[in-house]
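In what follows, a single structure is set out as structure tokens and then discussed.
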Amino acid sequence: MLKVDNLVTSLHPGSRDQVDIVRSVSFSLEPGQILGVVGESGSGKSMMAYSLIDLLDRKIAITGGSIVFNGEDLSAAKQARMRELRGNRIAMIFQDPMVALNPVLTIGEQMIEAIQAHRRMSRRDAEAHAIKTLARVGIPSPESRMSAYAHEFSGGMRQRVVIAIAFLNEPDLIIADEATTALDVTIQSQILAEIQGLAEETGAAILWITHDLSLLSGFADAVMVMYAGQVIEIAPADRLFGAPRHPYTAALMRAVPVAGRTRLENLEGVPPSLADLPPGCAFAPRCPRAQPRCSQNVPPFEGDTTLGWRCFFPLEETP
Amino acid sequence: MTAPVLELNDLSRVFARRDGWLDRMLNRAGLGKPPERLVAVDGVSLSLRDGEMLGVVGESGCGKSTLGRMAAQLLPASGGEVRFRGRAISDLPRSEARDARRNIQMVFQNPYASLNPSLSVGDAIMEAPLTHGLVRRREIPDRLASLLSKVGLSPEMADRFPHELSGGQRQRVGIARALAVSPEVIIFDEAVAALDVSVQAQILNLLADLKEQGGFSSIFISHDLNVVRFISDRIAILYLGRLVELADRDTVFARPHHPYTRALLSEVPVLGAARRRFTPLKGELPSPLSPPPGCHFHPRCPFAQEICRRESPRLREVQEAGGTTHLSACHFDLPQPSPEAGPTPPPHPKEDSHDT
Chain A
2 MLKVDNLVTS
12 LHPGSRDQVD
22 IVRSVSFSLE
32 PGQILGVVGE
42 SGSGKSMMAY
52 SLIDLLDRKI
62 AITGGSIVFN
72 GEDLSAAKQA
82 RMRELRGNRI
92 AMIFQDPMVA
102 LNPVLTIGEQ
112 MIEAIQAHRR
122 MSRRDAEAHA
132 IKTLARVGIP
142 SPESRMSAYA
152 HEFSGGMRQR
162 VVIAIAFLNE
172 PDLIIADEAT
182 TALDVTIQSQ
192 ILAEIQGLAE
202 ETGAAILWIT
212 HDLSLLSGFA
222 DAVMVMYAGQ
232 VIEIAPADRL
242 FGAPRHPYTA
252 ALMRAVPVAG
262 RTRLENLEGV
272 PPSLADLPPG
282 CAFAPRCPRA
292 QPRCSQNVPP
302 FEGDTTLGWR
312 CFFPLEETP
Chain B
3 MTAPVLELND
13 LSRVFARRDG
23 WLDRMLNRAG
33 LGKPPERLVA
43 VDGVSLSLRD
53 GEMLGVVGES
63 GCGKSTLGRM
73 AAQLLPASGG
83 EVRFRGRAIS
93 DLPRSEARDA
103 RRNIQMVFQN
113 PYASLNPSLS
123 VGDAIMEAPL
133 THGLVRRREI
143 PDRLASLLSK
153 VGLSPEMADR
163 FPHELSGGQR
173 QRVGIARALA
183 VSPEVIIFDE
193 AVAALDVSVQ
203 AQILNLLADL
213 KEQGGFSSIF
223 ISHDLNVVRF
233 ISDRIAILYL
243 GRLVELADRD
253 TVFARPHHPY
263 TRALLSEVPV
273 LGAARRRFTP
283 LKGELPSPLS
293 PPPGCHFHPR
303 CPFAQEICRR
313 ESPRLREVQE
323 AGGTTHLSAC
333 HFDLPQPSPE
343 AGPTPPPHPK
353 EDSHDT
């Protein structure tokens, strides 16, 4: 359904200051699948997602690779075509629902607008469809909430409204960027449950971007770990969490406080600046397993888009 | 017996909205509504033992930060008192109150906002000890070097400015600044919440080391149960301004008593968990402006009975004989769910209320 092949996105493309911020990312997504994308600040996870739907800043552009969505190459698509797709076949959920929602329109008006922008539907039918979708994401008394404004909802309810809007046109792909990061644990749990249910029911594929590794382990089908703009490991979730192959994935997992742990992984240093990358593997300067070879050559990606890693000396398959 | 280093006695904080001119006119005419009151902290009592780290956990609006600020004397209490070494700080003469305040330091979530951008790291750290007359000028270089090394920073950092530091380094400076006045109590308010996982791990390790070295007791405020579990000796759980459970760390995780604590524990994402269906707690967090009557948790509680709607449960000791103090504010002693069975089904179905 979605196939991303060697995607490269650059800052100041074509100039002397060109910096690649997404570096040769490949993956694919099937209907109903939840793919988690995890990485620390500056790993390129959000920029990768924005590249897919052409929501990039003017100084940033796709400079390589392809994005094939339902058989159509999006990296070559015109802006008008992207507008048709966004909010219709591809929807997006951001961290802050207050930014996504229009403060001066009622929730109902925004939802009807989102339906009628992409479909020929009477106002009455659109309204009925909007109410049904609000109910589906767990908004109580949806009929009366249609005439409410964004500020009249609590944070969790507001994010549900955004999710309802995302699912309005039954999209094939939903991209969520830190969609539950600002929410409390019990509310986050509710939202994750809704998303799981909706993905199953509607067959929408979900690309779930987060910094929270723990969240993905009960939620995602597959996980992709990013570092310095590259995918350094991708695997089915149980496999990745059970036996990570890349030293960065393993280190990240050991840095998470879990029961019984009295010491956390001290991963020294910080990720490299993308403008000034080390010659070999980007993780080599911090890697406990690094050999001379790692700081000379960039390791190629081993495996395919469902299971693979980018390391000369991966960890054993069974720890 | 010596008094605990820090005691919070029945501490409360009420925020009232200040009336606008229209409200004042209406009030004068006898038409006004009673002013909106937000009870951020509602009669919380905690005492801090020597050398321990007490975790305070809760979701937004539970009053954890307000509690921390009152404990650090940054916010006056509306009711109750803060006692330092057995004496209420508000009753102390000026110089002793000042000394008590020096002894209770705070580390904040966002070190960038709490550091003066025009002060070098060295000046920021040494400002308070100089003000309090704890060091002489000529002792500064040595003292600074030892503080920096204590928080894992190199001595050259002393000349840097906040904008030149990474988030993790800034938080280390925030910790060094708190340590600089040799306080007996440090209050960490979401001190690792804004950091990336790998940096968060570095700071948590540092805090564990500092705790091990001793010299201070601390309150660690956080929304993140995994983090609190790693660092704390005892854990207090707050819900809408009230203390609902308090026990040793391991007791809280092995035998949580309050239904809210149980719900919270089951919702926390756990690394390595198998793919699962989330079985969330129903309902939203109620607004602290109009908390539900009785037990604040009853609208979301799967075990709520009639009494829960009417009567606010008092905090009582629930631990079996021989154990350490385990307090919980629930009317009932619910059976522990078996780990395999998942959540226990509610005793009888209840209506869906308070959802908005």
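Sequence order for the protein chains is A and B. Sequential numbering of the first sequence, starting at 2, is according to the numbering used here. Sequential numbering of the second sequence, starting at 3, is according to the numbering used here. The beta-carbon is built from N, C-alpha and C at its ideal position, and this holds for glycine as well.
I need the boundaries of the alpha helix (DSSP H) containing residue i, first residue and last residue.
| i | result |
| --- | --- |
| A/Ile196 | 186 to 203 |
| B/Arg244 | B/Arg244 -> not in any alpha helix (DSSP H); beta strand (DSSP E) instead, spanning 244 to 250. |
| B/Glu308 | 308 to 312 |
| A/Pro237 | Where A/Pro237 is concerned, there is no enclosing alpha helix (DSSP H), although the beta strand (DSSP E) it sits in stretches over 231 to 237. |
| B/Phe305 | Careful: B/Phe305 lies outside any alpha helix (DSSP H) and carries neither H nor E. |
| B/Thr68 | 66 to 73 |
| A/Gln80 | 80 to 86 |
| B/Ala99 | 96 to 104 |
| B/Leu121 | Where B/Leu121 is concerned, there is no enclosing alpha helix (DSSP H), given that its DSSP letter is neither H nor E. |
| B/Val56 | Note that residue 56 of chain B is Leu in the sequence shown, not Val. Segment 55 to 59 is the beta strand (DSSP E) holding B/Leu56; no alpha helix (DSSP H) there. |
Residue i touches chain B at which residues, Cβ-Cβ below 7 Å?
| i | result |
| --- | --- |
| A/Asn267 | Ala203, Gln204, Asn207 |
| A/Glu41 | Asp198, Val199, Ser200 |
| A/His212 | Asp198, Val199 |
| A/Gly157 | Glu286 |
Given a threshold of 16 other Cβ atoms within 10 Å of its Cβ, counted over all protein chains shown, does residue i qualify as buried or as exposed?
| i | result |
| --- | --- |
| B/Met55 | buried |
| A/His152 | exposed |
| A/Gly309 | buried |
| B/Asn207 | buried |
| A/Glu269 | exposed |
| B/Lys66 | buried |
| A/Gln80 | exposed |
| B/Ser268 | buried |
| A/Gly139 | buried |
| A/Glu41 | buried |
| A/Met158 | buried |
| B/Gly135 | exposed |
| B/Glu342 | With a pLDDT of only 43 at B/Glu342, under the threshold of 50, the placement of this residue in the model should not be trusted; the figure read from the coordinates follows. When all chains shown are included, B/Glu342 counts as exposed. |
| A/Glu318 | exposed |
| A/Ile113 | buried |
| B/Met128 | buried |
Give the range of the beta strand (DSSP E) segment to which residue i is assigned.
| i | result |
| --- | --- |
| B/Val153 | Careful: B/Val153 lies outside any beta strand (DSSP E) and carries neither H nor E. |
| A/Gln297 | Looking at the DSSP string, A/Gln297 is not in any beta strand (DSSP E), and its letter there is neither H nor E. |
| A/Asn7 | 3 to 12 |
| A/Met227 | 223 to 228 |
| A/Arg290 | Segment: none, A/Arg290 is in no beta strand (DSSP E) and carries neither H nor E. |
| B/Leu11 | The sequence shown places Asn at residue 11 of chain B, not Leu. Element bounds for B/Asn11: 8 to 18. |
| B/Glu83 | 81 to 86 |
| A/Thr64 | 61 to 70 |
| A/Thr211 | 206 to 211 |
| B/Ser49 | 39 to 50 |
| A/Ala177 | 174 to 178 |
| A/Arg23 | First, the residue type needs correcting, since residue 23 of chain A is Val and not Arg in the sequence shown. Note, A/Val23: beta strand (DSSP E), 20 to 30. |
| A/Leu216 | Per DSSP, A/Leu216 belongs to no beta strand (DSSP E); it is in the alpha helix (DSSP H), 214 to 218. |
| A/Ala101 | It is not in any beta strand (DSSP E) - A/Ala101 instead sits in the alpha helix (DSSP H) that spans 98 to 101. |
Quick one: list the residues of chain A neighbouring residue i, beta-carbon separation under 7 Å, in chain order.
| i | result |
| --- | --- |
| B/Gly274 | Ser218, Phe242 |
| B/Val270 | Val186 |
| B/Ala265 | Thr187 |
Counting only Cβ pairs nearer than 8 Å, list the residues of chain B close to residue i.
| i | result |
| --- | --- |
| A/Gln231 | The premise fails here: A/Gln231 is roughly 17 Å from chain B at the closest Cβ pair, so nothing lies under 8 Å. |
| A/Ser274 | Neighbours of A/Ser274 on chain B: none; closest Cβ ~12 Å, over 8 Å. |
Which residues in chain A have a C-beta closer than 8 Å to the C-beta of residue i? List them in chain order.
| i | result |
| --- | --- |
| B/Glu166 | Those within 8 Å of B/Glu166 in chain A number zero; the least Cβ separation is about 13 Å. |
| B/Asn228 | Ser215, Val257, Pro258, Val259 |
| B/Arg231 | Pro258, Ala260 |
Relative to the ligand ADP, is the shortest distance from any of its heavy atoms to the C-beta of residue i smaller than 7 Å?
| i | result |
| --- | --- |
| B/Ser200 | The model depicted lacks the ligand ADP and carries no ligand whatsoever. |
| field | Contiguous alpha helix (DSSP H) assignments of at least 4 residues, all confined to the segment 118 to 170 of chain A | value | Complete alpha helix (DSSP H) runs here, min 4: 124 to 137, 143 to 146, 156 to 168.
| query | For the segment 175 to 187 of chain A against the segment 207 to 219 of chain A, are there 3 or more C-beta pairs whose distance is under 8 Å? | reply | These segments touch.
| Contact the segment 201 to 220 of chain B vs the segment 279 to 290 of chain A: 3+ CB pairs below 8 Å | Contact between the segment 201 to 220 of chain B and the segment 279 to 290 of chain A is not established, with fewer than three Cβ pairs separated by less than 8 Å.
| request: Kindly confirm or deny that the segment 288 to 296 of chain B and the segment 237 to 252 of chain B touch, where touching means at least three C-beta pairs closer than 8 Å. | output: Flag = yes, the segment 288 to 296 of chain B and the segment 237 to 252 of chain B touch.
| task | Could you tell me whether the segment 187 to 202 of chain B touches the segment 141 to 149 of chain B, where touching means 3 or more Cβ pairs closer than 8 Å? | result | No, the segment 187 to 202 of chain B is not in contact with the segment 141 to 149 of chain B.
| query | At which residue ranges does the segment 159 to 244 of chain B contain complete alpha helix (DSSP H) runs of 4 or more residues, listed in the order of the chain? | reply | Runs of the alpha helix (DSSP H) inside the segment 159 to 244 of chain B: 169 to 181, 199 to 215, 227 to 233.
| request: For the segment 50 to 64 of chain A and the segment 6 to 22 of chain A, state whether three or more C-beta atom pairs, one from each stretch, are separated by less than 8 Å. | output: A contact exists between the segment 50 to 64 of chain A and the segment 6 to 22 of chain A.
| Counting Cβ pairs closer than 8 Å, one from the segment 88 to 100 of chain B and one from the segment 116 to 126 of chain B, do we hit at least three? | Remark: fewer than three beta-carbon pairs, one from each stretch, lie closer than 8 Å, so the segment 88 to 100 of chain B and the segment 116 to 126 of chain B are not flagged as touching.
| field | Whole runs of the alpha helix (DSSP H) within the segment 230 to 281 of chain A, excluding any shorter than 4 residues | value | DSSP runs (the alpha helix (DSSP H)) wholly in the segment 230 to 281 of chain A: 238 to 243, 248 to 255.
| message | Between the segment 277 to 286 of chain B and the segment 301 to 311 of chain B, can you find at least three pairs of beta-carbon atoms closer than 8 Å? | response | The segment 301 to 311 of chain B makes contact with the segment 277 to 286 of chain B: 3 or more CB pairs, one atom from each, lie closer than 8 Å.
| Would you call the segment 285 to 297 of chain A and the segment 248 to 258 of chain A in contact, with 3 or more CB pairs under 8 Å? | Output reads yes: the segment 248 to 258 of chain A touches the segment 285 to 297 of chain A.
| field | Segment contact, 8 Å Cβ cut-off, at least three pairs: the segment 128 to 136 of chain A with the segment 107 to 119 of chain A | value | Counting Cβ pairs under 8 Å, three or more are found: they touch.
| said: For the pair the segment 29 to 44 of chain B and the segment 104 to 111 of chain B, tell me if three or more CB-CB distances fall below 8 Å. | reply: No, because fewer than three Cβ pairs between the segment 29 to 44 of chain B and the segment 104 to 111 of chain B fall closer than 8 Å, the two stretches do not touch.
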